[in-house]
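Using my numbering, the letters of the sequence shown map in sequence onto residues 893 to 1172.
Cβ atoms here follow ideal geometry from the backbone N, Cα and C, with glycine treated the same way.
Note sheet for the following structure.
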Amino acid sequence: MEFIKKLFKIFIWGFLGLIAFSIAIGIIFAPSDEDIAKHREQERIQKQQEEATMKVRVHAKLKAELESNRTGVIQEIQKLMKKQDYLLAHRKADRFREFDDKEIKQLSKTALTRHKEAERVKKAQEERRLATALQKMTKNTDKIEGIDWYRDKSSPAYNNQNGFFLYMGKSGTVAPWLRLRIQYYAEDWLFIESFIIVADGQRFERTGTKFERDNDSKIWEWYDENLSASDLQMIKAVIDSKEAVIRFNGRQYRKDKTITSDQKTALQNVLYAYKALGGK
């Protein structure tokens, strides 16, 4: 037993000695701050040399391309400009700016000017579209809560209509928020528990949804919730679709309804108005 204890002590001391030796070696041979700085400088110089070599190769390749096929280069730039792809035409021409080719330089300048003008026109059109979208909204103000509610003028204001539409709220300087409202109006109850939308083959299913209910001579059931990111994806698919159908799944029965082109237009109008009010 004593022999085993002694052997164990020898092993422990030997192991600790090995660790101490390793640490000492590491300290002795560890690179100094000066060595580290030199290494980093060498890496920096090497990187600069590689970049310079690459630049020379690219320059030589472009020069060879220009010398062997100048007409083809110019025709390619002109073709892009005819397609009104001015930014790509500018970038293509700008690759040869070092060679002082006057015709290509002029093409580059013209393409850039036309690109900026096209962007200006596009921005102006977008601003007009957004302003027009607000004109298509009905606005109701909740003075108690301090919220302005907007919905497309074509969307139902009451529950006694079938509906599939967006509306939005705006309070002070807070960014607007979107809500999705779905209304089912009929003679008989469905007791809707979920719904499925299929837009040109894309399927969107919502389970565990909360539909409110009320009735008079007829019944109405409605869903009214804040729009989620996945809901927004669904709405955009509906807007872009040729055909979109919503299926209401009740406790025992189900009912399909087509989402009309007018409803799709109203959805898009609300998204434009949402953006006009600062929505992202």
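**Message:** Across the stretch 986–997 and the stretch 1011–1029, are there enough close Cβ pairs to call them in contact, namely three or more that are closer than 8 Å?
**Reply:** no
**Request:** Report yes or no: do the stretch 1079–1092 and the stretch 1104–1111 share at least 3 C-beta pairs separated by less than 8 Å?
**Result:** yes
**Request:** Under 8 Å by Cβ, that's how I've got W1069 and N1141 pegged, so tell me the actual separation to the nearest angstrom.
**Result:** Rounded, the Cβ-Cβ distance is 27 Å, inconsistent with contact.
**Request:** Go ahead and label Q941 buried or exposed: buried means 16 or more other beta carbons lie within 10 angstroms of its beta carbon, across all protein chains shown.
**Result:** exposed
**Asked** Sorted by chain position, which residues of the same chain lie with C-beta nearer than 8 Å to T1099's C-beta, five sequence neighbours on each side aside?
**Response** E1085, S1086
**Request:** Can you check DSSP and say which residues form a bridge with A1016?
**Result:** Answer is none; A1016 lacks a bridge partner.
**Request:** Measuring alpha carbon to alpha carbon, tell me which of D1154, Y1145, A1091, A952 ends up nearest A1129.
**Result:** A1091
**Message:** Is the separation between the beta-carbon of L1159 and that of I1138 shorter than 7 Å?
**Reply:** no
**Prompt:** Thinking C-beta only, is W1041 closer than 7 Å to G1064?
**Reply:** no
**Prompt:** Helix, strand or coil for N1051 per DSSP?
**Reply:** coil
**Message:** In the DSSP output, what is M973 paired with across the bridge?
**Reply:** Per DSSP, none; premise fails for M973.
**Asked** Can I1074 and F1056 be called in contact, C-beta distance under 7 Å?
**Response** yes
**Request:** Round the Cβ separation of D1116 and N1051 to the nearest angstrom and send it over; I've been treating them as touching at under 8 Å.
**Result:** Not really, about 10 Å apart at Cβ, beyond 8 Å.
**Message:** Per the DSSP calculation, W1041 is bridged to which residue(s)?
**Reply:** N1032, G1061
**Asked** Can you check whether the CB of A1136 is closer than 7 Å to the CB of I1151?
**Response** yes
**Asked** Based on Cα-Cα distance, which residue from L1163, K1134, S1153 lies nearest to D1123?
**Response** L1163
**Request:** Drop a sphere of 10 angstroms on the beta-carbon of N1182, count the other beta-carbons inside from all chains shown, and report buried for 16 or more, exposed for fewer.
**Result:** Given a span of 893 to 1172 for the chain in the structure shown, any question on residue 1182 remains unanswerable.
**Message:** Please classify A1165 as buried or exposed, where buried requires at least 16 neighbouring CB atoms within 10 angstroms.
**Reply:** buried
**Item:** Nearest-angstrom beta carbon gap, A981 and I969 [assumed within contact, 8 Å]
**Value:** 5 Å
**Asked** For T963, which of helix, strand or coil comes out of DSSP?
**Response** helix
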